[in-house]
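To start, the structure under review is shown below, and the notes come after it.
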Amino acid sequence: MSNQVDSVKGTFQTIEGTSDLLSGARRPLVRIEVWRHVENVIHSVMHRHGFAEIRTPVLEPTGLVARGLGQLTDVVSKEMFTFERGDTSYVLRPELTAPIMRAYLQHHMEQKPGVQRLYYIGPCFRAERPQKGRYRQFHQFGAEIVGTNDPRADAEVIAVMMDVYRTLELTDTQLRINTLGDAETRPRYREVLVKYLTPHTEALTEISRERLSRNPLRILDTKVEAERILLEEAPRLLDYIDEDSRGSYEALKGLLQSLEISFVEDPMLVRGLDYYTQTAFELEHAGIGAQRALAGGGRYDLLAPAIGSSQPVPAVGFAAGMERLILAMEASELSLPDEHPFDVWMVALGETAGREAFLLSQTLRAAGLRVGMDLGYRSMKAQMRLANRACARQVVIVADRELEAEVATVKDMNTGEQLTIPLARLADNLIKTLN
Numbered sequence: 012m013s014n015q016v017d018s019v020k021g022t023f024q025t026i027e028g029t030s031d032l033l034s035g036a037r038r039p040l041v042r043i044e045v046w047r048h049v050e051n052v053i054h055s056v057m058h059r060h061g062f063a064e065i066r067t068p069v070l071e072p073t074g075l076v077a078r079g080l081g082q083l084t085d086v087v088s089k090e091m092f093t094f095e096r097g098d099t100s101y102v103l104r105p106e107l108t109a110p111i112m113r114a115y116l117q118h119h120m121e122q123k124p125g126v127q128r129l130y131y132i133g134p135c136f137r138a139e140r141p142q143k144g145r146y147r148q149f150h151q152f153g154a155e156i157v158g159t160n161d162p163r164a165d166a167e168v169i170a171v172m173m174d175v176y177r178t179l180e181l182t183d184t185q186l187r188i189n190t191l192g193d194a195e196t197r198p199r200y201r202e203v204l205v206k207y208l209t210p211h212t213e214a215l216t217e218i219s220r221e222r223l224s225r226n227p228l229r230i231l232d233t234k235v236e237a238e239r240i241l242l243e244e245a246p247r248l249l250d251y252i253d254e255d256s257r258g259s260y261e262a263l264k265g266l267l268q269s270l271e272i273s274f275v276e277d278p279m280l281v282r283g284l285d286y287y288t289q290t291a292f293e294l295e296h297a298g299i300g301a302q303r304a305l306a307g308g309g310r311y312d313l314l315a316p317a318i319g320s321s322q323p324v325p326a327v328g329f330a331a332g333m334e335r336l337i338l339a340m341e342a343s344e345l346s347l348p349d350e351h352p353f354d355v356w357m358v359a360l361g362e363t364a365g366r367e368a369f370l371l372s373q374t375l376r377a378a379g380l381r382v383g384m385d386l387g388y389r390s391m392k393a394q395m396r397l398a399n400r401a402c403a404r405q406v407v408i409v410a411d412r413e414l415e416a417e418v419a420t421v422k423d424m425n426t427g428e429q430l431t432i433p434l435a436r437l438a439d440n441l442i443k444t445l446n
């Protein structure tokens with residue numbers, strides 16, 4: 012409870028690992044204008060590539076996530092927020108790929124013509140220790156192509172991912188790719204890797220020793236230098252890849268080269284969720300600290316059977332973190348949107364003028380202008396200070412004397428010029444001036 016209540020004022024605070032998003036906030040990570048800008052870019056890019064938006068519930072059956080992601084994954088075994096109601100267990104979704112496949116199956120999207128291109132933006136939840144780039148509530152966006160195992164789908168998913176970051180002018184990134192092989196490759200290689208690492212358990216960290224018995228492929232992702240040196244002599248996953256997967260991987264590399272998307276092959280790259288087969292990829296940025304991954308994804312043809320489908324459903328996609336994206340934009344010193352300025356700020360002197368200024372502000376808003384107004388009865392000096400803080404471009408001053416003459420004073424906040432404008436022509440005059 013101590014993390015949620017201010018010790019001085021006794022007021023409730025946000026839960027650790029969560030944040031409020033506020034207009035004009037000093038930190039870009041919690042500034043709503045930055046989020047809106049990023050979301051608008053995502054929507055625009057996805058629309059351009061022909062992806063349709065999908066929204067799924069925040070609450071899902073626990074079994075969907077446990078079976079979809081794998082019982083032995085870190086997410087399922089350690090990081091889920093679950094609760095029970097009666098005989099049913101629910102989870103706050105820790106990711107969105109399994110819910111989207113659930114929606115695909117539930118709504119019989121396979122009956123629609125052609126492949127399905129879907130994208131999403133939404134909050135996810137994991138019971139992690141909060142740190143830079145890792146939060147208990149975080150936001151993901153991503154895209155999925157469902158219904159084909161053609162390598163062009165893999166290339167298209169990577170292309171749309173790269174287009175989002177390129178449109179946001181975040182170009183100092185590195186794309187890493189690998190292939191995990193088919194359904195038989197992973198368990199076959201797991202046995203070989205365990206056999207190699209078992210004599211070296213004393214050289215492994217506690218986390219890696221735990222993974223050795225539960226999910227050994229995750230050890231390949233280690234950032235510990237001593238473990239990376241040990242893995243240099245380990246058997247290579249690529250040596251156990253089936254021919255079909257190898258052919259698809261070569262086709263993908265050729266497509267990426269034709270699209271002029273640079274990449275690095277990383278034989279140590281595996282994904283932390285059990286549903287991945289064949290293609291795996293991650294996009295990294297050095298400016299966000301230890302959590303370098305901006306986005307990641309791959310092919311997950313076996314996810315549908317894991318969650319109850321009688322048939323495999325070929326699919327490929329990526330997921331990306333909104334918070335990490337904004338941190339990377341800040342680290343790259345990109346220009347980030349701030350609070351939007353007001354077109355007009357109404358200043359009213361007196362109660363009668365206050366009523367008329369209020370009505371007038373509604374008229375100006377109906378004309379398409381962004382209008383601000385204080386609803387107290389402050390001095391003119393105090394109201395002008397508010398107009399300055401709001402970065403208003405024009406100030407309309409309404410007083411009883413001007414109302415009798417059916418005029419208002421308009422002040423240009425850039426030049427300081429003041430004009431007296433008839434109320435009947437006020438909206439047209441302001442629109443003309445602001446444009």
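Quick note on numbering: the sequence shown equals residues 12 to 446 in the numbering used here. The beta carbon of each residue, even a glycine, is placed where N, CA and C say it ideally should be.
If we count Cβ pairs, one from each stretch, closer than 8 angstroms, do we get three or more for the stretch 47-58 versus the stretch 165-178?
-> yes
Pick out the complete alpha helix (DSSP H) segments inside the stretch 42-89, 4 residues or longer, and give them in chain order.
-> Entirely contained in the stretch 42-89, the alpha helix (DSSP H) runs reaching 4 residues are, in chain order, 43-59, 73-80 and 85-89.
Rounded C-alpha distance that separates residue 258 from residue 46 | 40 angstroms
Helix or strand or just coil, what does DSSP make of residue 442?
-> helix
Where does residue 168 fall in DSSP's three states?
-> helix
Delimiting residues of the alpha helix (DSSP H) encompassing residue 424 | Unbroken run through residue 424: none, as it is neither H nor E.
Counting only runs that start and end within the stretch 299-326, where is the beta strand (DSSP E) found for 3 or more residues in a row?
-> Under the rule that a run must span 3 or more residues, the beta strand (DSSP E) segments found entirely inside the stretch 299-326 read 304-310.
Rounded to a whole number of angstroms, what is the C-alpha to C-alpha distance between residue 163 and residue 188?
-> 15 angstroms
Quick one: what does DSSP say residue 37 is sitting in, helix, strand or coil?
-> coil
Out of curiosity, what's the CA-to-CA distance linking residue 364 and residue 389?
-> 12 angstroms
Please state whether DSSP places residue 96 in a helix, a strand or coil.
-> strand
Is the beta carbon of residue 331 sitting closer than 8 angstroms to the one on residue 305?
-> yes
Between residue 360 and the rest of its own chain, which residues show a CB-CB distance below 8 angstroms, the 5 nearest in sequence each way excluded?
-> 391, 408, 409, 410 and 411
Residue 205 (DSSP reduced to helix, strand or coil) = It is helical.
Where does residue 422 land, buried or exposed, given buried means 16+ other C-beta within 10 angstroms?
-> buried
Rounded to a whole number of angstroms, what is the C-alpha to C-alpha distance between residue 200 and residue 289?
-> 13 angstroms
Integer-rounded CB distance, given that residue 31 should sit under 8 angstroms from residue 25 | The Cβ separation is near 6 angstroms, so the contact holds.
Backbone CA spacing between residue 12 and residue 88 [nearest angstrom] = Residue placement at residue 12 cannot be trusted, given a pLDDT of 37 that sits under 50; the coordinates are not used to answer.
Between the Cα of residue 273 and those of 287, 293 and 281, spot the shortest distance and give me the residue it belongs to.
-> 293
Select from 185, 282, 157 and 156 the residue whose C-alpha is nearest the C-alpha of residue 233.
-> 282
Can you give the beta carbon distance from residue 398 to residue 352, rounded, assuming they're within the 8 angstroms contact cut?
-> Not really, about 10 angstroms apart at Cβ, beyond 8 angstroms.
Quick one, are the C-beta atoms of residue 44 and residue 349 less than 8 angstroms apart?
-> Contact check for residue 44 against residue 349 passes: the beta carbons are separated by less than 8 angstroms.
Got a sec, what are the start and stop residues for the beta strand (DSSP E) residue 4 sits in?
-> What is shown of the chain runs 12 to 446, which leaves residue 4 out entirely.
Are three or more beta carbon pairs between the stretch 117-137 and the stretch 262-277 nearer than 8 angstroms?
-> no
Boundaries (first-last residue) of the beta strand (DSSP E) holding residue 116 = Careful: residue 116 lies outside any beta strand (DSSP E), inside the alpha helix (DSSP H) at 108-117.
Going by DSSP, what residues sit across from residue 276 in a beta bridge?
-> 188
Cβ neighbour criterion (16 or more within 10 Å) applied to residue 446 = exposed
Do residue 76 and residue 59 have their C-beta atoms closer together than 8 angstroms?
-> no
Which of the three DSSP states, helix, strand or coil, is assigned to residue 154?
-> strand
Using only alpha-carbon positions, find the residue among 420, 426 and 64 that is nearest to residue 433.
-> 420
For residue 172 and residue 316, the rounded distance between their alpha carbons | 26 angstroms
Alpha carbon of residue 194 to alpha carbon of residue 226, nearest angstrom = 15 angstroms
Cutoff 8 angstroms; reference residue 65; Cβ partners in own chain excluding five residues on either side | 111, 114, 129, 130 and 131
Specify whether the stretch 318-338 and the stretch 143-158 touch according to this definition: at least 3 beta carbon pairs, one from each stretch, less than 8 angstroms apart.
-> Using a C-beta cut-off of 8 angstroms, the stretch 318-338 makes contact with the stretch 143-158, since at least three inter-stretch Cβ pairs fall below that distance.
For residue 167, count neighbouring C-beta atoms within 10 Å of its own C-beta (all shown protein chains included) and say buried if the count is 16 or more, exposed if not.
-> buried
Determine the DSSP secondary structure at residue 233, reduced to helix, strand or coil.
-> Coil, per DSSP.
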